[in-house]
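Written out below as structure tokens is the structure these notes cover.
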């Protein structure tokens, strides 16, 4: 498996006077570009975590950028994820999440359960779920009734666009004002999502991994798949369909390569009619 070109991403911004725990654990970064490696032989750790069950998940509706809240079950799942991480001895330099409350709240609950409320939590719109366009808010049967079976067979492609005058369109939301066009999508395919997520991977996750850091990413089903593709360059094999909610997926990296990928705890498989990562 080829290593990613981590050296080109520069010094990770979490190194500095305010990051003493990380400096103690990780080698000091070099100012010049170094060969692709994890310095001092430290094994890096990246944990991907899909959010807990949301209200739209429970109703089996396409969610995407719709800001659905966690159900009570989803909150329990988030706390369980935090307990699993704590009991396994995981600690992190920082936490990444999206701008959607189901992921943000999952991150809060998991970190609280770990007794690590002081960890830096960064929210990035680029980690929002894939935008499912005009399908958002509909069930599978409603999508088929309106658009036919063909869109479901080609679900990884870009869906019909959400109307610009739809009150749910990102262009109409205060939180997305001032973002580039990619920050106000009307619908995305899987390849679109990978390109949207890539800058966060290159600027935050990859540099941390290069320096033996430890990062928790709390996001969404399709985002987990996109990051899995970027971490392993598509060579790691498939993930369960759909990605289990609030179940830590632990990657160990050495010399710029993924050495292991393991689920932490018992998988909670989700039964339903929606395709992988529809929420």
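In our numbering, the protein residues as written are 3 to 281.
Every residue, glycine too, gets a C-beta built ideally from N, C-alpha and C.
**Item:** Short Cβ contact (9 Å threshold) for residue 2 with residue 51
**Value:** In the structure as shown, the chain starts at 3 and stops at 281, and residue 2 therefore has no counterpart that could be examined.
**Message:** With H, G and I counted as helix, E and B as strand and the rest as coil, what does DSSP make of residue 96?
**Reply:** strand
**Asked** Assuming residue 234 and residue 45 make a contact with CB atoms under 8 Å, what is their CB distance in whole Å?
**Response** Contact flag wrong, Cβ pair sits at about 16 Å.
**Request:** Sort 106, 179 and 244 by Cα distance to residue 224 and report the nearest one.
**Result:** 244
**Asked** How many angstroms separate the CA atom of residue 266 from the CA atom of residue 69?
**Response** 27 Å
**Message:** If you measure between the beta carbons of residue 282 and residue 111, is that distance less than 9 Å?
**Reply:** An answer regarding residue 282 cannot be provided, because it is not within the stretch 3 to 281 covered by the chain.
**Item:** Member of 48, 73 and 154 whose CA lies at the smallest distance from the CA of residue 93
**Value:** 48
**Exposure label - residue 197; buried when at least 16 CB within 10 Å** = exposed
**Request:** Put residue 108 into one of helix, strand or coil per three-state DSSP.
**Result:** helix
**Asked** Which parts of the segment 183-257 are runs of the alpha helix (DSSP H), unbroken and 4 residues or longer, counting only runs that do not cross its ends?
**Response** 192-202, 208-212 and 223-234
**Message:** Do residue 127 and residue 181 have their beta-carbon atoms positioned less than 9 Å apart in this structure?
**Reply:** yes
**Asked** Tell me, which residues are paired with residue 141 by DSSP?
**Response** 63
**Request:** Answer with buried or exposed for residue 229, where buried requires no fewer than 16 other C-beta atoms within 10 angstroms of its C-beta.
**Result:** buried
**Asked** Under a Cβ-count criterion, where at least 16 other Cβ atoms within 10 Å of its own Cβ denotes burial, should residue 237 be classed as buried or exposed?
**Response** exposed
**Prompt:** Going along the chain, which residues of its own chain have a beta-carbon closer than 8 Å to the beta-carbon of residue 140, five neighbours each way excluded?
**Reply:** 63, 64 and 148
**Prompt:** Between the beta-carbon of residue 138 and the beta-carbon of residue 66, is there less than 9 Å?
**Reply:** yes
**Prompt:** With residue 194 and residue 160 assumed to form a contact (beta carbons below 8 Å), what rounded beta-carbon distance in angstroms separates them?
**Reply:** 6 Å
**Message:** Counting C-beta neighbours from all protein chains within 10 Å, is the total for residue 165 16 or more, i.e. buried, or is it exposed?
**Reply:** exposed
**Request:** Reducing DSSP to helix, strand and coil, say where residue 149 ends up.
**Result:** helix
**Item:** Euclidean distance between Cα positions of residue 54 and residue 263
**Value:** 20 Å
**Message:** For residue 61 and residue 72, what's the separation of their Cα atoms in angstroms?
**Reply:** 12 Å
**Request:** Return the chain-ordered list of same chain residues with a C-beta closer than 7 Å to the C-beta of residue 96, the five sequence neighbours on each side being excluded.
**Result:** 16, 121, 122, 124 and 217
**Asked** Using CA coordinates, which residue listed in 77, 207 and 145 is at the minimum distance from residue 98?
**Response** 207
**Message:** Ignoring anything shorter than 3 residues, give me the beta strand (DSSP E) runs that lie fully in the segment 64-88, in order along the chain.
**Reply:** none
**Asked** Looking at residue 107 and residue 77, is the spacing between their C-beta atoms short of 9 Å?
**Response** yes
**Prompt:** Start and end of the beta strand (DSSP E) containing residue 265?
**Reply:** 259-265
**Request:** Please say whether residue 172 and residue 136 have beta carbons closer to each other than 9 Å?
**Result:** no
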